[in-house]
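**Student:** Before I ask anything, let me first share the structure, which is written out below as structure tokens.
There are 2 protein chains.
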Amino acid sequence: MPRSPTSQRLTDAAIGLFNERGYDETTVDDIAARAGVSRSTFFRYYRSKEEVIFPDHDALLAKVEARLRASTAGTAIVAICDAVRIVLAHYVEDAEVSLRRYRLVGRVPALRHREIASVARYQRLFREYVGDWLAGTPDAPLRAELMASSVVAAHNQVLRGWLRAGGSYDPFEPLDHALQYVIRTFRHLENMEGPREGEDQVVVAAFPRSASPDDVMDAIRAHLGSRQ
Amino acid sequence: MPRSPTSQRLTDAAIGLFNERGYDETTVDDIAARAGVSRSTFFRYYRSKEEVIFPDHDALLAKVEARLRASTAGTAIVAICDAVRIVLAHYVEDAEVSLRRYRLVGRVPALRHREIASVARYQRLFREYVGDWLAGTPDAPLRAELMASSVVAAHNQVLRGWLRAGGSYDPFEPLDHALQYVIRTFRHLENMEGPREGEDQVVVAAFPRSASPDDVMDAIRAHLGSRQ
DNA sequence: GAATGCTGTGAGACTCAGTATCGTACGCTT
DNA sequence: AAGCGTACGATACTGAGTCTCACAGCATTC
């Protein structure tokens with residue numbers, strides 16, 4: 001959904017002013033004036049001065065939640081690893097804005113707090129999802145917390161690296177690498193019980209050590225494709 | 001480090017008023033009046049209205065940092081597991097205040113954000129410590145981030161449980177149990193070499209029958225990551 | 001016993017974020 | 001053209017946080 005032109009002008013004005021003279025030195029009046037609207041209008045579009053820097057965060061969270069709900073992944077950890085990709089994708093999507101925001105957030109404690117708080121919402125979402133999934137198994141809340149925090153941490157680590165490098169490469173490979181770490185780490189925690197239904201389909205495949213991930217993927221894709 | 005009587009009266013007045021009529025409904029003037037001092041004096045002791053709820057947080061962080069510096073633990077993960085005990089100990093020390101604050105924080109978003117932000121500082125401290133420790137080893141930043149976030153997550157999970165239960169038991173046993181989990185989990189991470197040369201790489205995956213080929217592919221891709 | 005300097009406090013003015021209310025201009029339907 | 005809803009601007013208000021200044025208490029020093 002394309003944001004309204006007014007809201008777009010407001011964020012542009014805000015980011016511009018924040019970079020020119022700093023966050024604290026910029027008043028909401030300044031932003032509204034540059035955007036050519038009144039102060040009232042600013043607060044109609046954004047509930048606070050901070051929010052102008054983090055628009056569509058709620059929407060993103062909702063998207064992640066939807067993906068999680070629709071997930072048919074085999075394990076909880078894979079489901080949330082999959083979902084966290086959406087978050088990274090969102091940052092990559094308009095890298096320009098992400099980078100400017102990153103530099104800003106690094107300098108302004110209030111914004112940093114805001115960002116941390118929003119990250120905590122993802123973590124909470126993941127925690128609840130995994131908690132439901134594992135319900136009944138031993139130490140479910142603890143394992144849920146650990147898995148959620150690890151996936152979020154992996155994402156953040158990759159994102160930070162990418163932002164620090166000025167968004168100069170494709171961050172999904174490092175993300176996969178990091179999530180791979182997490183999944184392997186938690187596999188022994190997750191599979192304490194066997195598959196939940198007796199009717200699972202099982203894939204067993206053996207490859208030479210020299211096979212690259214792509215080789216593996218191709219072979220499995222070919223196999224799955226034949227069974228549709 | 002006994003806090004000054006004025007500062008003590010201020011926090012008492014604040015917590016009392018917050019509980020009686022709510023956080024937003026209490027002004028700094030109200031707090032100052034009940035404590036028998038002026039508004040100016042309030043802001044001399046606390047930089048903000050939020051801070052009155054989280055006194056000595058900086059001191060605690062410093063204590064944790066000192067413990068970390070003095071640590072002689074054999075591995076980074078054990079060192080930060082050890083350090084995080086100080087944090088729990090601080091909450092347990094005056095359980096009364098911790099519990100009242102917990103109930104308050106649960107109801108007031110502004111305070112929740114504040115708390116989350118302060119937790120993030122521990123995590124950052126741990127991350128940097130582990131990062132230094134692991135410097136030079138493969139994926140050091142990633143593993144540092146994961147270890148730090150896991151230890152913090154374990155602590156938070158135990159703390160939340162203890163607070164929800166009204167502080168009715170000794171939380172150090174569950175903490176040890178949780179940290180044991182973390183340590184055991186990350187031992188796996190240390191031994192993460194791939195299959196040995198000459199042996200096949202084997203993929204075994206189980207999926208619900210409802211899983212589409214794409215689901216299977218996604219899951220396997222996630223497991224394989226970008227490992228070459 | 002004054003003069004001096006330091007420290008903690010109160011008073012008041014000021015800026016700005018955020019909320020609430022009201023009037024009004026514009027576009028749309030019938 | 002009349003009616004109607006929506007978006008906007010204007011204005012006033014509350015309260016957090018900052019800053020400056022004045023003053024009282026209390027020591028030291030000559």
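Quick note, the sequences are listed as chains Y and R, same order. In terms of the UniProt record's numbering, the first sequence is residues 1 to 228. In terms of the UniProt record's numbering, the second sequence is residues 1 to 228. Ideal Cβ placement from N, Cα and C applies to all residues, glycine included. Predicted model only: the values in this text are computed from it and were never measured.
(1) With a threshold of 6 Å (Cβ to nearest heavy atom), would glutamine 157(Y) be considered close to the ligand PLP?
(2) Short of 6 Å in beta carbon distance, which residues of its chain neighbour leucine 163(Y), apart from the five on each side in sequence? Order them along the chain.
(3) Quick one: is glutamate 20(Y) buried, meaning 16 or more other Cβ sit within 10 Å of its Cβ, or exposed?
(4) Measuring straight from C-alpha to C-alpha, what distance separates alanine 79(Y) and tyrosine 129(Y)?
(5) Would the segment 116–125 of chain R and the segment 31–47 of chain R be scored as touching if the rule is three or more Cβ pairs under 8 Å?
(6) What's the gap between the Cα of threonine 6(Y) and the Cα of lysine 49(Y)?
(7) At 4 residues or longer, what runs of the alpha helix (DSSP H) sit wholly inside the segment 75–137 of chain Y?
(8) Using alpha carbons as the reference points, say which of Asp24(Y), Arg3(Y), Ala33(Y) and Ile86(Y) lies closest to alanine 13(Y).
(9) With DSSP collapsed to three states, give me the class of glutamate 25(R).
(10) How about histidine 90(Y): is its C-beta nearer than 7 Å to some C-beta of chain R?
(11) Verify whether the separation of the beta carbon atoms of alanine 117(Y) and histidine 113(R) is less than 7 Å.
(12) Under 7 Å between C-beta atoms, does threonine 185(R) make it to chain Y?
(13) When the Cβ atoms of the segment 58–65 of chain Y are set against those of the segment 132–148 of chain Y, are three or more pairs found closer than 8 Å?
(14) Give me the Cα-Cα distance between glutamate 96(Y) and serine 168(Y), rounded to the nearest whole angstrom.
(15) Once you ignore the five residues that flank alanine 35(R) on each side, which residues in its own chain have a CB closer than 6 Å to its CB?
(16) Looking at C-alpha atoms only, which residue of Ala83(R), Val87(R), Leu104(R) and Ala144(R) is the closest neighbour of valine 182(Y)?
(17) Using a 10 Å radius around the Cβ and a threshold of 16 neighbouring Cβ atoms, would you call alanine 148(Y) buried or exposed?
(18) Would you mind telling me which residues of chain Y sit closer than 8 Å to tyrosine 129(R), beta carbon to beta carbon, in chain order?
(19) For valine 92(Y), collect the residues of the same chain with a Cβ closer than 7 Å to its Cβ; drop the 5 residues on either side in sequence, then sort them by chain order.
(20) Which first and last residues belong to the alpha helix (DSSP H) in which aspartate 170(Y) is found?
(21) Between histidine 155(Y) and chain R, is any beta-carbon pair separated by less than 7 Å?
(22) Rounded to the nearest angstrom, what separates aspartate 82(Y) and leucine 88(Y) at their Cα positions?
(23) For serine 149(R), decide whether its Cβ has a neighbour in chain Y, counting only Cβ atoms nearer than 7 Å.
(24) Compute the distance between the beta-carbons of serine 150(R) and serine 98(Y), then report whether it is under 7 Å.
(25) Which residues, in chain order, does the segment 115–141 of chain R contribute to contact with chain Y at a C-beta distance below 9 Å?
(26) What's the call for glutamine 180(R), buried or exposed, on a 16-neighbour Cβ count within 10 Å?
(27) Please compile the residues from chain R whose C-beta is within a distance smaller than 8 Å of the C-beta of glutamate 145(Y).
(28) Distance cutoff 7 Å, beta carbons only. Does histidine 57(R) sit that close to anything in chain Y?
(29) CB-CB under 7 Å to glutamate 65(Y), same chain, minus the five flanking residues each way: which ones, in chain order?
(30) Does chain Y have any CB closer than 7 Å to the CB of alanine 79(R)?
(31) Under the rule that 16 or more other beta-carbon atoms within 10 Å means buried, what is glutamate 115(Y), buried or exposed?
(32) Taking 7 Å as the limit between beta carbons, can you name the residues of its chain near leucine 17(R), skipping five residues before and five after?
(33) What would DSSP say about phenylalanine 54(R), mapped onto helix, strand or coil?
(34) Tell me whether the beta-carbon of histidine 177(R) lies closer than 7 Å to the beta-carbon of valine 84(R).
(35) Classify alanine 120(R) as buried or exposed, calling it buried when 16 or more other Cβ atoms lie within 10 Å of its own Cβ.
**Tutor:** According to the data block:
(1) As far as ligands go, the structure on display features none, and thus does not contain the ligand PLP.
(2) The sequence position of residue 163(Y) within the first sequence is 163, counting from 1. Answer for leucine 163(Y): Tyr102, listed in chain order.
(3) As a first step, residue 20(Y) must be located in the first sequence, where it is residue number 20. Classified as exposed, glutamate 20(Y) has fewer than 16 neighbouring CB atoms from the shown chains inside 10 Å of its CB.
(4) The sequence position of residue 79(Y) within the first sequence is 79, counting from 1. The sequence position of residue 129(Y) within the first sequence is 129, counting from 1. Each residue's alpha carbon lies about 9 Å from the other.
(5) Too few Cβ pairs lie closer than 8 Å, so no.
(6) Residue numbering aside, residue 6(Y) sits at position 6 when the first sequence is read from its first letter. Residue numbering aside, residue 49(Y) sits at position 49 when the first sequence is read from its first letter. Taking the Cα positions, threonine 6(Y) is about 15 Å away from lysine 49(Y).
(7) As far as the segment 75–137 of chain Y is concerned, its whole alpha helix (DSSP H) runs of at least 4 residues are 76–93, 95–107 and 109–134.
(8) To locate residue 13(Y), count along the first sequence from 1; it is residue 13. Among Asp24(Y), Arg3(Y), Ala33(Y) and Ile86(Y), the Cα nearest to that of alanine 13(Y) belongs to Ala33(Y).
(9) Position 25 of the second sequence, counted from the start, is the residue given in the question as residue 25(R). Looking at glutamate 25(R) - three-state DSSP - the assignment turns out to be coil, as it is neither helix nor strand.
(10) Stepping through the first sequence from its first residue, residue 90(Y) is reached at position 90. Chain R, which has no Cβ nearer than 7 Å to the Cβ of histidine 90(Y), makes this no.
(11) As a first step, residue 117(Y) must be located in the first sequence, where it is residue number 117. As a first step, residue 113(R) must be located in the second sequence, where it is residue number 113. Yes, the Cβ-Cβ distance between alanine 117(Y) and histidine 113(R) is below 7 Å.
(12) Working through the second sequence from its first residue, we reach residue 185(R) at position 185. Output row for threonine 185(R): interface = yes.
(13) As far as the Cβ criterion goes, the segment 58–65 of chain Y does not touch the segment 132–148 of chain Y, which means the pair count is below three.
(14) Residue numbering aside, residue 96(Y) sits at position 96 when the first sequence is read from its first letter. Residue numbering aside, residue 168(Y) sits at position 168 when the first sequence is read from its first letter. When the Cα atoms are used, glutamate 96(Y) and serine 168(Y) turn out to be separated by approximately 11 Å.
(15) Position 35 of the second sequence holds residue 35(R). Closer than 6 Å at Cβ, skipping near neighbours: Arg9, Leu10 and Ala13.
(16) Residue 182(Y) sits at position 182 when you count from the first residue of the first sequence. Restricting attention to Ala83(R), Val87(R), Leu104(R) and Ala144(R), the CA atom closest to the CA of valine 182(Y) is found in Ala144(R).
(17) Position 148 of the first sequence, counted from the start, is the residue given in the question as residue 148(Y). Flag for alanine 148(Y) reads buried.
(18) The sequence position of residue 129(R) within the second sequence is 129, counting from 1. Within 8 Å Cβ-Cβ: nothing; tyrosine 129(R) doesn't reach chain Y, min ~15 Å.
(19) For this step, residue 92(Y) is matched to residue 92 along the first sequence. Excluding the 5 residues flanking it on each side, valine 92(Y) has same chain C-beta neighbours closer than 7 Å at Pro171, in chain order.
(20) As a first step, residue 170(Y) must be located in the first sequence, where it is residue number 170. That residue, aspartate 170(Y), is in no alpha helix (DSSP H); it is neither H nor E in DSSP.
(21) Position 155 of the first sequence, counted from the first residue, corresponds to residue 155(Y). Not one chain R Cβ lies under 7 Å of histidine 155(Y).
(22) Counting from one through the first sequence, the residue named residue 82(Y) turns up at place 82. Counting from one through the first sequence, the residue named residue 88(Y) turns up at place 88. Cα-Cα distance, rounded: 11 Å.
(23) Reading the second sequence from its first residue, position 149 is the one you call residue 149(R). Output row for serine 149(R): interface = yes.
(24) The residue given as residue 150(R) occupies position 150 in the second sequence. The residue given as residue 98(Y) occupies position 98 in the first sequence. No, Cβ-Cβ distance for serine 150(R) and serine 98(Y) is not below 7 Å.
(25) Answer in chain order: Ile116, Ala117, Val119, Ala120, Gln123, Arg127, Asp139 and Pro141.
(26) Walking along the second sequence from the start, residue 180(R) turns up at place 180. So glutamine 180(R) ends up on the exposed side.
(27) As a position in the first sequence, residue 145(Y) is number 145, starting the count at 1. Correct list: Ala153, Ala154, Asn156 and Gln157.
(28) Counting from 1 along the second sequence, the entry for residue 57(R) is found at position 57. So no, histidine 57(R) is outside the interface.
(29) Locating residue 65(Y) in the first sequence gives position 65, where the first residue counts as 1. Excluding five sequence positions before and after glutamate 65(Y), the CB atoms of its chain that fall closer than 7 Å to its own CB belong to Leu125, given in chain order.
(30) Along the second sequence, read from residue 1 onward, the residue named residue 79(R) stands at position 79. Taking Cβ atoms only, chain Y never reaches closer than 7 Å to alanine 79(R), which makes this a no.
(31) For this step, residue 115(Y) is matched to residue 115 along the first sequence. Result: buried.
(32) Here residue 17(R) is taken as the residue at index 17 of the second sequence, counted from 1. Cβ neighbours of leucine 17(R) beyond the five flanking positions: Thr26, Asp30, Ile31 and Arg34.
(33) Against the second sequence, residue 54(R) aligns to sequence position 54. Under the three-state reduction of DSSP output, phenylalanine 54(R) falls in the coil class, being neither helix nor strand.
(34) Here residue 177(R) is taken as the residue at index 177 of the second sequence, counted from 1. Here residue 84(R) is taken as the residue at index 84 of the second sequence, counted from 1. With contacts defined by Cβ atoms closer than 7 Å, histidine 177(R) and valine 84(R) do not form a contacting pair.
(35) Residue mapping note: residue 120(R) aligns to position 120 of the second sequence, counting from 1. With 16 or more other Cβ atoms within 10 Å, it is buried.
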